[in-house]
Structure formats: structure tokens, C-alpha cells
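Taking it in order: structure first as C-alpha cells, then the write-up.
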Amino acid sequence: MPTRESCRLFLFDLDGTLIDSQQDIVQSLNLALGRMRLPALSPARIRAFVGDGVQVLIERALAAATGRSPDPEETALGLELFREEYGRHLLDHTRLYPGVGAALGRLRWARCAVVSNKPADFCRRILAGLGIAGRFEIILGGDSTRHRKPDPEPLLEAMRFCRVPAAEVVMVGDSRVDIDAGRAAGVFTCGVLGGFRTEAELASCGCDLLIRSVAELPDHFRPPE
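Be aware that the sequence shown starts at 661, since it is given in our numbering, and climbs by one per residue.
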């Protein structure tokens, strides 16, 4: 059973955990909807759609904008347009959450990886643009493995790559999919508030540890002896 004292590999979600990307996602999605002659959606509504991968995001947004389930052609077009717009705007406003850089520095004794449901290319470009890509041994996105979170496959792939057993791993994320994936992989789970989900929703997930931000993370872990 993993404990705070045994963890030496930290698997981080990206959006809502390490980075505040909400404004760029909202802007890019609404630009894509506009190109499809559909109405813009509110930031709050779009935030609720984030976390299960880009295709699910588009399906939910199209359903909300049209009042019906989108057909495959609409989804494919929406996905193409969103990728174009987000590729142009993914670093317009996106920033690290306060204290993230310092926290990663304080965790210099630990190994780190990113396991996100965002497409891997976007993850790498954002992390490189923010100057921290080199801190992570592997960066996995929703298209890096056959299954994405909440399936444990991407976490297991990161653990295999780093050659670290579940008993020495913690999954850090801001949503239920992160916690469910961590539990399925048999690792320690840490929920982070302030992202895309409410405190009540995250608290109900049954995570092993719940913190206000990644800035607090080093206070709860120490190097294994």
C-alpha cells in the first residue's frame, strides 16, 4: 500500500493542476463554434466539459450549442477546428499556477511525469513554452495510450517507463478521472483544489490526500529513506 513516506514518482495531471489554461480553452472552443456558425458557450459551461479528452469536450460542446447529439461528421469538423484554434492560442493566457515552479524545485529529490487527457503534442508545447518540460521524464497525453484516464493504462505506462512500482507512486490531479485512474493503478492519490472541479466533487472522490494547490505538495511528502 503506497504511503506519503514511500512515494518517489509524482504523476501530474496538467490542466487545472499544474497550469491555468481555462481562458485559452474557452476562447479556442468558442472560436471553433463560431466557425461552425454556432453560439458561444459560457466559460462555466465549458469548464464543466473539460477533463475527459478533447473529443469528449467537442461532443459535449456541440450538444450544448445545438441542443442535440452531434453526428460523427460534425464532431470531426469541430475537433479539427478546435485543434486549429487551440494550436494558435494555447499559450496566449495559460500560466503555471502560483507556486508550481517552486514546488517542483522543492521536489527535486523526486521523479516527475505528466499524465494528461489533453493531446500529447499540446502538452509538450505548453510545458516547453512555460519552461518546465525538462522537469518531466515522460509526458503522456490522451492519445499516447489506447485508453485514457480514468483507465489506469497511461499511469501504468508512465510507471513502466520510469521503472517505479505502484507502492512508490502518487497521482496528483484536480478531477475524479485522475483519482479514479490512480486508485485503479494502485497508487497514492492526491486531489488538488482550484482547478476545473468543485471542492465538493473532488472531496467525494475518496482521494488519499486533498490539498489547496500544488504549491502545498512538498509539505506532505519527504524523500524515502
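Quick reminder that beta carbons are idealized off the backbone N, C-alpha and C, glycines included.
| Query | Result |
| --- | --- |
| Where the beta strand (DSSP E) containing A773 begins and where it ends | R771 to V775 |
| Exposed unless 16 or more other CB atoms sit within 10 angstroms - verdict on D752 | exposed |
| V874 (DSSP reduced to helix, strand or coil) | helix |
| G738 beta carbon less than 9 Å from that of L750 | no |
| C-alpha gap between R664 and Q682, whole angstroms | 30 Å |
| DSSP-derived helix/strand/coil call for F881 | coil |
| Outcome for G794 when other beta-carbon atoms lying within 10 angstroms are tallied against a minimum of 16 | exposed |
| Inter-residue spacing [alpha-carbon to alpha-carbon] between R755 and A860 | 25 Å |
| Segment contact flag, the stretch 729 to 746 with the stretch 758 to 773, C-beta cutoff 8 Å, min 3 pairs | no |
| Beta-carbon contacts of F821 that lie in its chain and below 6 Å, excluding the five residues immediately before and after | I798 |
| Top-ranked residue by Cα proximity to W769, from C667, P662, S873 and A875 | C667 |
| C-beta contact flag for G791 and G676 at 9 Å | no |
| Buried/exposed call for E828, threshold 16 Cβ in 10 Å | buried |
| T858 burial status per 10 Å Cβ neighbour count (16 or more: buried) | exposed |
| Of the listed residues A724, A875, E876 and C850, nearest to S864 (C-alpha basis) | C850 |
| For V830, the nearest candidate out of V710, F881, R808 and L853 (CA to CA) | F881 |
| 4 or more residues per run - each alpha helix (DSSP H) lying fully within the stretch 791 to 833 | 813 to 822 |
| Beta strand (DSSP E) segment containing G851, residue limits | F848 to V852 |
| Limits of the beta strand (DSSP E) - the one that F672 falls within | L669 to F672 |
| Beta-carbon spacing of G727, K778 below 9 Å | no |
| D684 (DSSP reduced to helix, strand or coil) | helix |
| Whole runs of the beta strand (DSSP E) within the stretch 719 to 777, excluding any shorter than 3 residues | 771 to 775 |
| Secondary structure of L869, DSSP reduced to three states | strand |
| Alpha-carbon to alpha-carbon, S835 and G855 | 8 Å |
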